[in-house]
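Report on one structure; see the data block that follows.
Protein chains: 2
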Amino acid sequence: MGAGTSEGTTRRGRPGYDQETLVRRAVEVFNRRGYDATSVGDLASELGLTKSAIYHHVPSKEHLLSLALDDALDSLEVVIDAAVRESPAMSAYESLRTAVRRSVEVLVDKLPSVTLLLRVRGNSAIELQALERRRHIDEQLAGLVRSAVAEGALRDDVSPELISRLVFGMVNSLTEWYRADGDVDVAVLADAVVSLAFDGLALPQA
Amino acid sequence: MGAGTSEGTTRRGRPGYDQETLVRRAVEVFNRRGYDATSVGDLASELGLTKSAIYHHVPSKEHLLSLALDDALDSLEVVIDAAVRESPAMSAYESLRTAVRRSVEVLVDKLPSVTLLLRVRGNSAIELQALERRRHIDEQLAGLVRSAVAEGALRDDVSPELISRLVFGMVNSLTEWYRADGDVDVAVLADAVVSLAFDGLALPQA
Numbered sequence: 001m002g003a004g005t006s007e008g009t010t011r012r013g014r015p016g017y018d019q020e021t022l023v024r025r026a027v028e029v030f031n032r033r034g035y036d037a038t039s040v041g042d043l044a045s046e047l048g049l050t051k052s053a054i055y056h057h058v059p060s061k062e063h064l065l066s067l068a069l070d071d072a073l074d075s076l077e078v079v080i081d082a083a084v085r086e087s088p089a090m091s092a093y094e095s096l097r098t099a100v101r102r103s104v105e106v107l108v109d110k111l112p113s114v115t116l117l118l119r120v121r122g123n124s125a126i127e128l129q130a131l132e133r134r135r136h137i138d139e140q141l142a143g144l145v146r147s148a149v150a151e152g153a154l155r156d157d158v159s160p161e162l163i164s165r166l167v168f169g170m171v172n173s174l175t176e177w178y179r180a181d182g183d184v185d186v187a188v189l190a191d192a193v194v195s196l197a198f199d200g201l202a203l204p205q206a
Numbered sequence: 207m208g209a210g211t212s213e214g215t216t217r218r219g220r221p222g223y224d225q226e227t228l229v230r231r232a233v234e235v236f237n238r239r240g241y242d243a244t245s246v247g248d249l250a251s252e253l254g255l256t257k258s259a260i261y262h263h264v265p266s267k268e269h270l271l272s273l274a275l276d277d278a279l280d281s282l283e284v285v286i287d288a289a290v291r292e293s294p295a296m297s298a299y300e301s302l303r304t305a306v307r308r309s310v311e312v313l314v315d316k317l318p319s320v321t322l323l324l325r326v327r328g329n330s331a332i333e334l335q336a337l338e339r340r341r342h343i344d345e346q347l348a349g350l351v352r353s354a355v356a357e358g359a360l361r362d363d364v365s366p367e368l369i370s371r372l373v374f375g376m377v378n379s380l381t382e383w384y385r386a387d388g389d390v391d392v393a394v395l396a397d398a399v400v401s402l403a404f405d406g407l408a409l410p411q412a
């Protein structure tokens with residue numbers, strides 16, 4: 001979509017918005033003000049655009065939400081699908097470690113859209129669809145945990161569902177405090193999460 | 207405050223509200239609709255009360271928020287202060303385990319008000335004050351982690367600040383899914399969190 005560029009050249013001093021930039025900046029506003037509490041008018045004034053400039057790129061506020069949630073969910077699904085597919089070739093335990101590490105990387109890479117995703121409560125068809133995709137991811141992860149327990153690689157005194165919720169609760173909690181411009185590097189963070197989770201989960205004899 | 211009782215008797219068929227019940231039910235509405243998005247009028251219609259019945263108990267919506275945040279913070283502070291005070295008598299490692307376990311118990315016991323607390327972003331003086339109290343709790347916990355690392359009881363390849371954030375990120379993530387009427391008992395949950403966190407953190411030789 002080249003409309004953003006032509007707008008940028010016709011309006012002097014006004015940055016050109018393409019759809020991707022618009023989604024990115026809208027997500028920042030949604031995370032700060034709350035999606036439900038932000039009207040297209042609010043969004044326009046926060047971004048220094050007219051409402052019609054926004055409608056030039058997307059038909060509705062819901063469409064912006066949908067693009068942002070897809071951005072987060074597509075990336076998470078790629079990572080989890082790859083880990084699940086790996087599973088016959090390598091142990092479920094190794095696949096699960098990979099899934100946790102890659103999830104941390106996606107969270108950091110897509111921090112604003114994942115933050116928005118984690119706040120979705122199901123207030124519309126788009127939100128319900130996003131929750132359904134999250135649920136499918138959660139089931140795939142719980143499946144990997146169950147397989148790793150069955151392999152004898154993970155402790156079996158905590159239920160696989162609870163392990164999955166606690167480990168990914170820890171991963172998701174990064175959205176509450178992690179800042180890309182802070183002093184924690186993504187590799188350090190991913191190492192810390194994986195070792196905190198698994199040195200607790202892996203049986204010493206495995 | 208006995209006003210709720212007299213109201214309960216004067217209005218037939220209408221449940222009597224005392225201040226505590228009002229706060230508890232208001233917190234449920236705030237968590238569902240968002241605090242900022244809920245007016246006193248919204249609250250009144252959700253609770254089947256008149257606005258003046260609400261103002262009979264509290265001077266403002268902010269006062270309800272303040273009571274709810276105090277409810278969560280007072281309980282958390284009791285638990286953390288006790289753990290910190292224990293510290294000379296027992297190891298920091300043991301105190302930290304106790305703090306994690308008790309934090310899980312407070313989260314479950316005060317789930318709605320802790321959920322509200324964790325969503326506070328600093329939009330008012332009351333919210334900023336609550337964030338300041340949270341920050342003090344976080345510092346006390348990070349101090350316990352540092353002491354436990356210094357004792358040689360916890361791994362030292364992850365920074366104490368990061369350990370503290372990840373462990374309490376896992377604890378706080380319970381507000382996202384834990385339901386008192388669900389199938390996970392609080393004792394099972396506290397055991398799972400403590401063993402997942404510490405069997406990863408405790409050095410085998412400690």
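Chains as they are written, first to last, in the working numbering: chain H, 1 to 206; chain D, 207 to 412.
Idealized CB from N, CA, C, for every residue including glycine.
Where do the N-terminal and C-terminal ends of the alpha helix (DSSP H) with residue i fall, by residue?
i                      : result
residue 121 of chain H : First-last for residue 121 of chain H: undefined, no H or E at that position.
residue 62 of chain H  : 61-86
residue 148 of chain H : 125-150
residue 256 of chain D : Taken as a continuous stretch (DSSP letters only), residue 256 of chain D belongs to no alpha helix (DSSP H), as it is neither H nor E.
residue 98 of chain H  : 92-109
residue 239 of chain D : 225-239
residue 191 of chain H : 186-201
Report yes if the CB atom of residue i is closer than 9 Å to the CB atom of residue j, and no otherwise.
i                      : j                      : result
residue 116 of chain H : residue 172 of chain H : no
residue 298 of chain D : residue 356 of chain D : yes
residue 405 of chain D : residue 155 of chain H : yes
residue 369 of chain D : residue 67 of chain H  : no
residue 392 of chain D : residue 306 of chain D : no
residue 190 of chain H : residue 144 of chain H : no
residue 192 of chain H : residue 372 of chain D : yes
residue 227 of chain D : residue 313 of chain D : no
residue 35 of chain H  : residue 65 of chain H  : yes
residue 69 of chain H  : residue 120 of chain H : yes
residue 54 of chain H  : residue 141 of chain H : no
residue 302 of chain D : residue 384 of chain D : no
residue 28 of chain H  : residue 124 of chain H : no
residue 148 of chain H : residue 243 of chain D : no
Please classify residue i as buried or exposed, where buried requires at least 16 other C-beta atoms within 10 Å of its C-beta.
i                      : result
residue 265 of chain D : exposed
residue 277 of chain D : buried
residue 51 of chain H  : exposed
residue 345 of chain D : exposed
residue 333 of chain D : buried
residue 180 of chain H : exposed
residue 358 of chain D : exposed
residue 85 of chain H  : exposed
residue 148 of chain D : Residue 148 of chain D is absent from the model: chain D starts at 207 and stops at 412.
residue 113 of chain H : buried
residue 232 of chain D : buried
residue 229 of chain D : buried
residue 212 of chain D : Unreliable positioning characterises residue 212 of chain D in this predicted model, as indicated by a pLDDT of 44, which lies under 50. The coordinate reading is nonetheless provided below. Exposed is the call here.
residue 188 of chain H : exposed
Spell out the partners DSSP gives residue i in its beta bridges.
i                      : result
residue 174 of chain H : None; residue 174 of chain H has no bridge partner.
Is there a Cβ from chain C that is less than 9 Å from the Cβ of residue i?
i                      : result
residue 314 of chain D : Annotation note: the requested chain C is absent from the structure, which comprises protein chains H and D.
Cβ pair count under 8 Å reaching 3, the region 275-286 of chain D against the region 253-265 of chain D: With fewer than three CB-CB distances shorter than 8 Å, the region 275-286 of chain D does not count as touching the region 253-265 of chain D.
Segment contact flag, the region 331-340 of chain D with the region 242-253 of chain D, C-beta cutoff 8 Å, min 3 pairs: No: fewer than three Cβ pairs fall under 8 Å.
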